[in-house]
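Residue numbering for the sequence shown follows my numbering, beginning at 93 and increasing consecutively. C-beta: ideal position from N, C-alpha, C; glycine also. Presented below is the structure to which this report refers.
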Amino acid sequence: ERVPLVGSCPADSYPLQKKRHSLEFLRSIAHLRPRTNTIGAAMRVRSALSFATHEFFRSRGFVHVHTPLLTASDCEGAGEMFRVTTLPAAGEAAQPAAAAAGCGDDVAALDRAVKSAGEAVRALKEAAVVDKEAVDGAVQELLARKAKLQAATEKQVAGKPAGDPLADDFFGRAAYLTVSGQLCAETYASALGDVYTFGPTFRAEDSNTARHLAEFWMIEPEMAFTDLAANMDNAEAYVKHVVQYALRSCADDFAMFAQFYDKGLKARLQALVETPFARVSYTEAVEIVKQVPGPKDGVAWEFPPQWGEELQTEHEKYLAEVVYKKPVIVYNYPKRCKAFYMRLNDDDATVGAMDVLFPRVGEMVGGSQREERLDVLLARMKEMGLQEEDYSAYLDTRRFGSQPHSGFGVGFERLVLYATAMGNIRDVIPFPRTVGQMLH
């Protein structure tokens, strides 16, 4: 029997030789690494978890909302955002559209240009021999200059003075790649009830670790008439559902991960599905961590735990791996280390926030009950130095009828990382983007 050759592959120059390559090497050939057993298995598990995500929310009556990738606001208030602009960088020539827009900086100059064009039209019309084609061209130039004058005048009226560099950018204001779809999802939850968004988000954070990416995917549900306790219940139910689905549909892949990466993987994932998550308040969690001098004998805390500060990765892993030995939900964090939109508790010191911490990974899910009281929300924004005009649409959802509501965000790559027992988050996304590195 003859076997037809469909596509040849020269053995002497093919980067994937018949040996076990390091994952670090495979990252350098991201376009070829899907052909390996490890990356192929990771992507199949990722696909299963993605499918199960939609299945979970759709089966519970959620509406899938596509939120924008471009935004003018910072959802997290951290300022670590990628700027999007069509303006030329220093030393670069302006694009034709930007160069044309640049003449709108000076309204007075544009007014003079309009008058000059008008005089040119009048002169052509009054000539002894009228050139109709020349007159038409001059009229078109006059109309174009009038349009630019009107646009520049409108910018001034809108509070964008002549000379504002952002006035000539594509959107006429600063624009960024989104860090979260939450604020947009909230607006739809206030109308449709339970919604979710699932898409890429971006963070310009200078963190070159095995847990961070510059481009990553987030699952973000928002639920009307839902408090913090129900929010925690939904987050736990979601994780259990998608992991159980992946275990059933990717048995061969999990067998491969167990053979080469973690022999106890399947048992650990099955225990996750069958065992309730632990729950502890932030205050209790800090006290537990303070009881020991460090994460293990002979090792001190790099960041000694203090009430009022964020739990560090070493604290999170200690709680999940040593104290509880399973996922743990920490709730009611100090307000000063959480975002402005989280609901202020009655003690005026904490907010209704929650994080789900996992062994090996740390924080995988973060969420909160949202602040539905307009006066409290405005006070929190003022405390954090946020401008009301940047969040006017978001604030309208409180001005014009609101309700208690909650939501959370799941770092999808961290979920895949935990499910596959891989050691680096760059190996569970098809084309990783990290600080200083971007192939393809």
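Query	Result
Contact check, K418 vs F369, beta carbons under 8 Å	yes
D228 versus Q242: straight-line alpha-carbon distance, rounded	21 Å
DSSP bridge partner residues for F294 (one or two, in chain order)	E307
Separation of N424 from S139, as counted between CA atoms	33 Å
DSSP-derived helix/strand/coil call for P257	helix
Cβ-based burial, C429 [other Cβ within 10 Å; buried from 16]	exposed
Of the listed residues V231, R472, E225 and P396, nearest to K207 (C-alpha basis)	V231
For V527, three-class secondary structure by DSSP	coil
Residue range of the unbroken alpha helix (DSSP H) whose run includes V380	For the record, residue 380 in the displayed sequence is Ile; it is not Val. Taken as a continuous stretch (DSSP letters only), the alpha helix (DSSP H) holding I380 covers Y374 to K382.
A322 (DSSP reduced to helix, strand or coil)	helix
Boundaries of the beta strand (DSSP E) in which G444 is found, first to last residue	T442 to F450
Contacts around L124, its chain only, beta-carbon distance under 7 Å, and the 5 residues preceding and following it disregarded	P107 and L108
Integer-rounded CB distance, given that A281 should sit under 8 Å from Q314	Sequence inspection shows Glu at residue 314; the Gln mentioned does not correspond to that position. Right, their Cβ atoms sit about 4 Å apart.
Boundaries (first-last residue) of the alpha helix (DSSP H) holding A277	Q274 to L284
L478 beta carbon less than 8 Å from that of F432	yes
Outcome for E278 when other beta-carbon atoms lying within 10 angstroms are tallied against a minimum of 16	buried
The alpha helix (DSSP H) enclosing F154, as first and last residue numbers	Taken as a continuous stretch (DSSP letters only), F154 belongs to no alpha helix (DSSP H), as it is neither H nor E.
Reference I131, options G390, F352, E406 and K388, closest by Cα	F352
Buried/exposed call for G356, threshold 16 Cβ in 10 Å	exposed
Nearest-angstrom Cα separation, counted from Y330 out to G269	First, the amino acid is wrong: residue 269 is Leu here, not Gly. Taking the straight line joining both Cα atoms gives about 27 Å.
Alpha-carbon spacing of F143 relative to A513, whole angstroms	20 Å
C-beta contact flag for R136 and D286 at 8 Å	no
Beta-carbon gap between F174 and A296 smaller than 8 Å	yes
Bridge-paired residues (DSSP) for F500	G459
For E312, the three-state DSSP class (helix, strand or coil)	strand
Close beta carbons around I521, own chain, < 6 Å, minus the five adjacent residues each side	E505
Distance between P496 and E172 (C-alpha atoms, nearest Å)	29 Å
Enclosing alpha helix (DSSP H) for V422 [first to last residue]	Element bounds for V422: not the alpha helix (DSSP H) but the beta strand (DSSP E), V420 to P426.
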